[in-house]
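Below: the structure, in structure tokens.
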Amino acid sequence: MTHYTHPQDAAQHTAWQQLIQQRETMQNFRMQDAFAADPQRFQRFSLNHDGLLLDFSKNLLDDTTLDLLMQLAEQSQLQAAIQALFNGDPVNASEQRPALHTALRRPIGDSLVIDGEDLIPQIHDVLNTMTEMVNRIHNGLWRGYSEKPITDIVNIGIGGSFLGPQLVSEALLPFAQQGVHCHFLANIDGSEFHELSSSLDAQTTLFIVSSKSFNTLETLKNAQAARSWYLAQGGTEACVDRHFIAVSSNVSAAIKFGIAPENILPIWDWVGGRYSLWSAIGLPIALSIGMSNFKELLAGAWGMDQHFQEAPFAENMPVILAMLGIWYSDFWDAQSHAILPYDHYLRNFTQHLQQLDMESNGKHVRQDGTPLSYNSGSVIWGGVGCNGQHAYHQLLHQGTLMVPADFIVPVVSHNQIADHHQWLYANCLSQSQALMQGKSHAQAAQELRDQGLEESEVQRLAPHKEIPGNRPSNTLVLERVCPRRLGALIALYEHKVFVQSVVWGTNAFDQWGVELGKILGEDVYQRLTKQAPSSETDASTQGLINFFRNRHRG
Ligand code: F6P
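Start counting the sequence shown at 2; every next residue gets the next number (this note's numbering).
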């Protein structure tokens with residue numbers, strides 16, 4: 002067994018105890034004063050890697066704090082943990098398996114031997130199969146039951162079998178190949194199915210049933226509905242293999258469902274769902290942007306993997322982001338973290354990070370089962386700017402909670418309309434500036450006096466116009482949203498999440514909490530549909546069951 006099963010309680014590290022003291026010392030730290038005192042602050046607290054710039058200078062951070070955070074990373078044996086992750090050690094202790102999404106990004110010719118088998122050739126075999134499929138579809142050689150070429154792809158999958166592929170396909174729309182449109186069907190809600198299917202032609206639609214387990218209720222129900230819809234629209238049983246493919250590690254279940262064996266792309270049990278977009282689960286991405294762009298995405302992620310393994314902690318983007326997150330959640334009691342992309346194409350980034358971060362770091366015990374005495378993962382939320390500025394940014398500026406934020410923005414827009422991009426970029430920067438600067442009571446009062454208001458009115462209004470400021474944020478600037486930079490950006494957050502789990506001593510790669518809801522869902526369904534007696538549940542659930550039943554009576 003590796004040290005993963007016996008992680009140290011993070012609060013026992015000397016650096017943790019020193020950070021408690023440091024938090025007290027920093028009580029009156031003002032970022033603006035720090036900038037005034039150090040003209041080099043931006044240079045000292047920013048990093049560049051392969052077209053990504055991370056500015057972390059607008060944080061409640063000084064040299065001592067940074068040093069202590071890096072010491073905490075050292076004392077958590079982070080370097081050994083990173084090597085264990087990349088080497089394929091069983092970092093997922095509760096499921097006794099490795100988490101090898103990084104292997105999916107390794108270039109051909111590399112080697113990674115696990116249990117006597119080199120994984121890299123297997124991974125590239127699957128990439129070759131994907132290439133063949135993508136080429137046949139793009140070249141109009143893959144034909145539907147009426148011999149027409151495929152024009153629409155529907156990815157049926159949920160969680161990691163949806164969010165990552167959707168994020169990337171939509172983010173890289175400027176790179177989309179002509180002739181094929183990708184759609185996503187995730188929820189069990191019939192309305193989602195109805196709205197999508199009514200816009201499709203069964204003759205030219207190909208469904209990808211994307212489920213690592215091939216055992217996920219929402220996905221199986223939607224796959225069955227898609228099959229019935231296809232048959233009802235005129236498709237034949239004999240041609241099901243022209244319209245249904247699957248990506249799964251449960252080949253027998255996929256075959257039982259009716260997918261032709263040659264149409265099943267594998268995924269390995271060492272790829273976690275929320276880390277799977279780099280595998281054949283990324284097929285809709287490849288279909289949308291083409292295989293060479295998909296490989297660029299992998300290359301960008303692999304570049305970040307190398308940076309993560311090699312850069313000293315104080316110059317390591319994932320480590321910096323992770324340790325700042327721990328600084329706020331465990332020492333400043335921040336309970337949430339906002340992700341604010343200023344780019345239409347990155348509008349789904351926050352949702353992907355919600356699953357990546359909250360399913361990975363939403364844990365209450367360490368790898369050895371002992372309870373945490375400190376906070377683990379934060380609530381990840383947010384959305385695209387400037388829209389958020391006219392909605393929830395008010396709370397960021399004047400609410401009582403501290404909400405650290407990550408601003409993400411490209412330098413170059415794919416669609417330059419007049420000076421819109423200059424305005425978008427300016428708004429992104431001015432929001433982080435406003436969060437830092439705020440407006441003092443004296444400034445607010447002076448502004449009101451300058452407007453000629455009576456002193457009593459000045460005193461009445463000034464508290465409302467005062468903005469605390471000194472609120473922390475990171476800014477990530479991409480050269481532009483392209484496959485390589487996006488690959489690096491997603492990998493950056495994957496590694497951030499991993500670093501945090503190492504310090505907290507938790508398992509970033511299991512998700513047992515999700516299971517209880519699935520089991521109870523089955524039970525409630527049985528009661529709702531009267532296949533089980535209704536009297537053995539709590540009164541609230543029973544009351545809600547009765548309300549549903551009464552509406553559907555007769
Ligand atoms: O929601 C739990 C979960 O297990 C996720 O971790 C996963 O990404 C999703 O369900 C879908 O799982 P599958 O690909 O097996 O259908």
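Every residue, glycine too, gets a C-beta built ideally from N, C-alpha and C.
These figures come from a predicted structure and were not determined experimentally.
Legend entry - Cβ-Cβ distance between P285 and N129 below 8 Å: As a position in the sequence shown, residue 285 is number 284, starting the count at 1. As a position in the sequence shown, residue 129 is number 128, starting the count at 1. It is not a contact, given that the beta carbons lie outside the stated cut-off.
Inset, instruction - Alpha carbon to alpha carbon, how far is L67 from V320? Give it in angstroms, no decimals. - result: The residue labelled residue 320 in the question sits at position 319 within the sequence shown. The residue labelled residue 67 in the question sits at position 66 within the sequence shown. About 11 Å.
Legend entry - Coil, strand or helix - P91 by DSSP: Here residue 91 is taken as the residue at index 90 of the sequence shown, counted from 1. Secondary structure at P91: coil, using DSSP grouped into helix, strand and coil.
Legend entry - W382 in three-state terms, based on DSSP: Working through the sequence shown from its first residue, we reach residue 382 at position 381. Looking at W382 - three-state DSSP - the assignment turns out to be strand.
Inset, instruction - List the whole-angstrom C-beta distance separating H394 from I468, where the pair is believed to meet the contact cut-off of C-beta under 8 Å. - result: Translated into positions along the sequence shown, residue 394 becomes position 393. Translated into positions along the sequence shown, residue 468 becomes position 467. At roughly 11 Å, the Cβ-Cβ gap does not stay under 8 Å, so H394 and I468 are not in contact.
Legend entry - Cutoff 7 Å; reference S47; Cβ partners in own chain excluding five residues on either side: Reading the sequence shown from its first residue, position 46 is the one you call residue 47. Excluding the 5 residues flanking it on each side, S47 has same chain C-beta neighbours closer than 7 Å at L54, L55, D56, F57 and S58, in chain order.
Inset, instruction - Report yes or no: do three or more beta-carbon pairs, one from the region 232-240 and one from the region 202-212, lie closer than 8 Å? - result: Yes: the two stretches touch, three or more of their Cβ pairs being nearer than 8 Å.
Inset, instruction - Compute the beta-carbon to beta-carbon distance between D344 and V478, rounded to the nearest angstrom, for a pair I have assumed lies under 8 Å. - result: On the sequence shown, residue 344 is found 343 positions in, with the first residue counted as 1. On the sequence shown, residue 478 is found 477 positions in, with the first residue counted as 1. D344 to V478, Cβ: 11 Å. No contact.
Legend entry - CB-CB length for P108 against P99, believed under 8 Å: Against the sequence shown, residue 108 aligns to sequence position 107. Against the sequence shown, residue 99 aligns to sequence position 98. The pair is not a contact, with the Cβ atoms about 19 Å apart (cut-off 8 Å).
Inset, instruction - With a 10 Å radius around its C-beta and 16 neighbouring C-beta atoms as the bar for buried, classify G161 as buried or exposed. - result: Stepping through the sequence shown from its first residue, residue 161 is reached at position 160. Taking all protein chains shown into account, G161 has 16 or more neighbouring C-beta atoms within 10 Å of its C-beta and is therefore buried.
Inset, instruction - Could you tell me the boundaries of the alpha helix (DSSP H) in which N551 lies? - result: Indexing the sequence shown from 1 puts residue 551 at position 550. Counting along the chain, the alpha helix (DSSP H) containing N551 begins and ends at A540 to R552.
Inset, instruction - Assign F314 to buried or exposed, taking buried as 16 or more other Cβ atoms, counted over all protein chains shown, within 10 Å of its Cβ. - result: To locate residue 314, count along the sequence shown from 1; it is residue 313. Here F314 is buried, its C-beta having at least 16 other C-beta atoms within 10 Å.
Legend entry - Contacting residues, own chain, Cβ-Cβ under 8 Å from F163 (five flanking each side not counted): Your numbering for residue 163 matches position 162 in the sequence shown. In its chain, beyond the 5 residues on either side, N156, F185, A187 and S211 have a beta carbon closer than 8 Å to the beta carbon of F163.
Inset, instruction - Express the C-alpha separation of S280 and F217 in angstroms, rounding to a whole number. - result: Taking the sequence shown and counting its residues from 1, one reaches residue 217 at position 216. Taking the sequence shown and counting its residues from 1, one reaches residue 280 at position 279. The amino acid occupying residue 217 in the given sequence is Thr; Phe does not appear at that position. Cα-Cα distance, rounded: 19 Å.
Inset, instruction - Would you check if the distance between the CB atom of H244 and the CB atom of L197 is smaller than 8 Å? - result: Position 243 of the sequence shown holds residue 244. Position 196 of the sequence shown holds residue 197. Contact annotation: H244 and L197 have beta-carbon atoms that are not nearer than 8 Å.
Inset, instruction - Would you identify the three-state DSSP class for L218, choosing helix, strand or coil? - result: Taking the first residue of the sequence shown as position 1, residue 218 is located at position 217. In the structure shown, L218 sits in a helix (DSSP, three-state: H, G or I).
Legend entry - Unbroken alpha helix (DSSP H) run spanning T132, endpoints: Along the sequence shown, read from residue 1 onward, the residue named residue 132 stands at position 131. Note, T132: alpha helix (DSSP H), L120 to H139.
Legend entry - Residue range of the unbroken alpha helix (DSSP H) whose run includes V503: Within the sequence shown, numbered from 1, the residue matching residue 503 stands at position 502. Here the alpha helix (DSSP H) through V503 covers P484 to W505.
Inset, instruction - Can you give me the Cβ contacts of L325 inside the same chain, cut-off strictly under 8 Å, excluding the 5 residues immediately before and after it? - result: Position 324 of the sequence shown holds residue 325. Result list for L325: F57, N60, L62, L70, P405, P473 and N475, in chain order.
Inset, instruction - Could you tell me which uninterrupted beta strand (DSSP E) segments, each at least 3 residues in length, are contained entirely in the region 51-81, listed from first to last along the chain? - result: If you keep only unbroken beta strand (DSSP E) runs of at least 3 residues inside the region 51-81, you get 53-56.
Legend entry - Anticipated Cβ contact below 8 Å, A247 with N264, distance rounded: Here residue 247 refers to the residue found at position 246 of the sequence shown. Here residue 264 refers to the residue found at position 263 of the sequence shown. With a contact defined as Cβ atoms closer than 8 Å, A247 and N264 qualify at about 7 Å.
Inset, instruction - Would you be able to state if there are at least three C-beta pairs under 8 Å between the region 429-441 and the region 365-375? - result: Under the Cβ criterion (8 Å, minimum of three pairs), the region 365-375 does not count as touching the region 429-441.
Legend entry - C-alpha gap between T3 and Q80, whole angstroms: Taking the sequence shown and counting its residues from 1, the one referred to as residue 3 is at position 2. Taking the sequence shown and counting its residues from 1, the one referred to as residue 80 is at position 79. Summary for T3: the model assigns pLDDT 49, below 50, so the residue's position carries little reliability; its value from the coordinates is reported in the next sentence. Each residue's Cα considered, the two are about 14 Å apart.
Legend entry - Pick from A35, H50, W382 and E75 that is closest to D64, judged by C-alpha positions: Here residue 64 is taken as the residue at index 63 of the sequence shown, counted from 1. Checked all of A35, H50, W382 and E75; the closest Cα to D64 is A35.
Legend entry - DSSP three-state assignment for C387, whether helix, strand or coil: Position 386 of the sequence shown, counting from 1, holds the residue named residue 387. DSSP places C387 in coil when its eight states are reduced to three.
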